[in-house]
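Novice: Please find one structure pasted underneath; my questions will follow.
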Amino acid sequence: MDKILNTLKYGSATVKRDLIITILSGLTAIGMLISAIITGQMLLFFVAIIFAFITISMVQTFRIHSMDEEVKQNFDDNSENLSGNKSLGKKKASKSTTNHAADNSSSIGKKGKKEKIDDNSSKDLEDNFADEIDSANENIDKEAYADNQSVHTEKVTKVLSIETAKNYNKKVIKKVVHKYKVKRDHRKVIVDNCKSLKISQTPAFAWIANKEFNLLLLESEPRHLTFPLYSLRNIRYMKKQPANPEIEYPAFESKNMISDMFGELLPDYVHSTVVGDVSAYKNLYCIGSDICFTNRSAGSLFDLLGVEFVVEDKVTTSNKVNVYFKDAYKANIMLRDNVIDANGYADKISTILDGMARSTISYNEFKDTLNLMIRNKLITQEFATHFMGVRDDLSSK
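Pasting the structure below:
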């Protein structure tokens, strides 16, 4: 009821109109149904059904309009630069994702075991595609986050402070979880940034309820956001976003409930290997228009949403490799970014290779793709041999 009253008071003319029509249509449907029951006239019953369908349709229209209006309003009056809002650093130094990923990808033939490989283990992929990968990702970064380069030029969104974090003790968090009806099957995530909704470096609870994706942001005051599941169709990869680990995420600099609960979800930072270059970067995973999460939060997003992982670079858009290689390449990104572990990667690769073995691609293309995956350290020779056998068995039947 409060939401309806607030909409009538503060909503735009379009949203108000939709809400009024929805209410009138719903009341008419109820009135016709009651009349049909009293008088026994089937005509009134059919009229009630028609108005019920109209009401359902208007409810959907109202929800879409109200959501679009909120996002647009927040986007129009928000022009902060989130890469300039640096916060965190002296806490838990995140490991280089390149190291961990290369270790895991080399162990794909032995689930759960990780062998150490140096930082250059992923360079074979770049060698195969010349400079396509790096140049592609640099172009994506510039086009999608060009405004991040203008640091502190306009009003910025405040990040969660140490003082605010300390206010979230066990009792307060328990009360907040109860008040906002956070599902028991919720996930902990960190929203690194969202310009349109003015979110920056904020821990949150995420869950699914009533066909909606819910986010409860632990800001100076808790903020509950909901998004229809149909509006979240994929998770997008944003590589090498500018970062400053020395000053990002200040709320995690001291021990408190927030740092204890969400500390493991802080982003992994990648530092430049160029001598004299102190630049640092982080890889983000985004949903909706521009809600970007840390790489350590992405696993929960994939579990909750079950949507496609979208990577746009010269590898995924190349006609030199097939869809199976591209899927393995994307799975390897998830492994390197600690989105999935070695076992999860093995499962994904098994599914991809099994699908390729059962597909209609030629034997030569199947073999060439396996060899390309081996050269780029996406799979081991043992994996290739196993699925070559699967292909041979299927061909002999």
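Anchor point for the sequence shown: position 204 equals 206 in the working numbering, and the numbering is continuous, going up by one each time.
Beta carbons are placed, not taken as given, at the ideal position from N, Cα and C, and that holds for glycine.
#1: Tell me the DSSP bridge mates of residue 227?
#2: Out of 215, 192, 284 and 294, state which residue places its alpha-carbon closest to the alpha-carbon of residue 246.
#3: For residue 145, I'd like the list of residues in its chain whose CB is within less than 7 Å of its CB, leaving aside the five on either flank, ordered along the chain.
#4: Using a 10 Å radius around the Cβ and a threshold of 16 neighbouring Cβ atoms, would you call residue 50 buried or exposed?
#5: To the nearest angstrom, how far is it from the Cα of residue 210 to the Cα of residue 278?
#6: Measuring straight from C-alpha to C-alpha, what distance separates residue 185 and residue 172?
#7: If you follow the beta strand (DSSP E) that residue 289 is part of, which residue opens it and which one closes it?
#8: For the pair the stretch 191 to 208 and the stretch 287 to 298, tell me if three or more CB-CB distances fall below 8 Å.
#9: In or out: residue 289 buried (at least 16 other Cβ within 10 Å) or exposed?
#10: Candidates 270, 213 and 241: which alpha carbon is nearest residue 228's?
#11: Please state whether DSSP places residue 222 in a helix, a strand or coil.
#12: Mark residue 317 as exposed unless 16 or more other C-beta atoms lie within 10 angstroms of its C-beta, in which case mark it buried.
#13: So, is residue 207 buried or exposed, given that buried needs 16 or more other C-beta atoms within 10 angstroms?
#14: By how many angstroms is the C-alpha of residue 54 removed from the C-alpha of residue 27?
#15: For residue 267, which residues from the same chain have a beta carbon less than 8 Å from its beta carbon, with the 5 sequence-adjacent residues on both sides left out?
#16: Enumerate in chain order the residues of its own chain whose CB-to-CB distance from residue 256 is below 7 Å, with the five nearest sequence positions on each side excluded.
#17: If we call anything under 7 Å between Cβ atoms a contact, is residue 330 one with residue 358?
#18: Write down every uninterrupted run of the beta strand (DSSP E) in the stretch 240 to 322 whose length is 3 residues or greater and which is fully enclosed by it, in chain order.
#19: For residue 44, count neighbouring Cβ atoms within 10 angstroms of its own Cβ and tell me buried if that reaches 16, exposed if not.
#20: As a quick exercise: from 167, 270 and 179, pick the residue whose alpha carbon is nearest that of residue 254.
#21: According to DSSP, what are the bridge partners of residue 236?
#22: Just how far apart, CA to CA, sit residue 388 and residue 304?
#23: Taking only three categories from DSSP, how would you classify residue 194?
#24: Answer yes or no: do residue 347 and residue 337 have a C-beta to C-beta separation smaller than 7 Å?
#25: How many angstroms separate the CA atom of residue 203 from the CA atom of residue 382?
#26: Quickly, what does DSSP pair residue 210 with across the bridge? List them, please.
#27: Only counting the same chain, and skipping five residues up and downstream in sequence, which positions put a Cβ closer than 8 Å to that of residue 236?
#28: Would you mind sorting residue 262 into buried or exposed? The rule is 16 or more other CB atoms within 10 Å of its CB.
Specialist: According to the data block:
#1: Your numbering for residue 227 matches position 225 in the sequence shown. Bridge partners of residue 227: 217.
#2: Counting from 1 along the sequence shown, the entry for residue 246 is found at position 244. Out of 215, 192, 284 and 294, 284 has the C-alpha closest to the C-alpha of residue 246.
#3: As a first step, residue 145 is located in the sequence shown; it is residue number 143 there, counting from the start. Low confidence applies here, because residue 145 scores a pLDDT of 40, under 50, leaving its location unreliable; read the following figure in that light. Correct list: empty, nothing qualifies.
#4: Reading the sequence shown from its first residue, position 48 is the one you call residue 50. Per the 10 Å Cβ criterion, buried.
#5: Looking up residue 210 in the sequence shown gives position 208. Looking up residue 278 in the sequence shown gives position 276. When rounded, the distance between both Cα atoms is 46 Å.
#6: For the purposes of this step, residue 185 is taken as residue 183 along the sequence shown, with counting starting at 1. For the purposes of this step, residue 172 is taken as residue 170 along the sequence shown, with counting starting at 1. Distance between the alpha carbons of residue 185 and residue 172 is about 17 Å.
#7: The residue labelled residue 289 in the question sits at position 287 within the sequence shown. Here the beta strand (DSSP E) through residue 289 covers 282 to 289.
#8: yes
#9: The residue you call residue 289 lines up with position 287 of the sequence shown. Under this definition residue 289 is a buried residue.
#10: By 1-based counting over the sequence shown, the position of residue 228 is 226. Checking every option, the nearest Cα to that of residue 228 belongs to 213.
#11: The residue given as residue 222 occupies position 220 in the sequence shown. Three-state DSSP puts residue 222 in coil, outside helix and strand.
#12: Against the sequence shown, residue 317 aligns to sequence position 315. Buried, by the Cβ-count rule.
#13: The residue you call residue 207 lines up with position 205 of the sequence shown. The residue is buried, with at least 16 neighbouring Cβ atoms inside 10 Å.
#14: Numbered from 1 along the sequence shown, position 25 holds the residue referred to as residue 27. Numbered from 1 along the sequence shown, position 52 holds the residue referred to as residue 54. When rounded, the distance between both Cα atoms is 7 Å.
#15: Counted from its first residue, the sequence shown places residue 267 at position 265. Excluding residues within five positions, the ones whose Cβ falls inside 8 Å are 190, 191, 192, 205, 296, 298 and 299.
#16: Residue numbering aside, residue 256 sits at position 254 when the sequence shown is read from its first letter. Result list for residue 256: 164, in chain order.
#17: Along the sequence shown, one-based indexing puts residue 330 at 328. Along the sequence shown, one-based indexing puts residue 358 at 356. No, these two residues do not count as a Cβ contact at 7 Å.
#18: 271 to 273, 282 to 289, 293 to 296 and 310 to 312
#19: Translated into positions along the sequence shown, residue 44 becomes position 42. The residue is exposed, with fewer than 16 neighbouring Cβ atoms inside 10 Å.
#20: Sequence index remark: in the sequence shown, residue 254 carries index 252 (1-based). Minimum Cα distance to residue 254 is reached at 167.
#21: As a working mapping, residue 236 is identified with position 234 in the sequence shown. Paired residues: 310.
#22: Residue 388 sits at position 386 when you count from the first residue of the sequence shown. Residue 304 sits at position 302 when you count from the first residue of the sequence shown. Distance between the alpha carbons of residue 388 and residue 304 is about 28 Å.
#23: As a working note, residue 194 is residue 192 in the sequence shown. Note: residue 194 maps to strand in three-state DSSP.
#24: Taking the sequence shown and counting its residues from 1, one reaches residue 347 at position 345. Taking the sequence shown and counting its residues from 1, one reaches residue 337 at position 335. Their beta carbons are under 7 Å apart, which means residue 347 touches residue 337 by this criterion.
#25: Numbered from its first residue, the sequence shown carries residue 203 at position 201. Numbered from its first residue, the sequence shown carries residue 382 at position 380. Each residue's alpha carbon lies about 38 Å from the other.
#26: The count along the sequence shown starts at 1 and reaches residue 210 at position 208. For residue 210, which the question treats as bridged, DSSP gives the partners 215.
#27: Sequence index remark: in the sequence shown, residue 236 carries index 234 (1-based). The answer, listed in chain order, is 289, 309, 310, 311 and 312.
#28: Position 260 of the sequence shown, counted from the first residue, corresponds to residue 262. When all chains shown are included, residue 262 counts as exposed.
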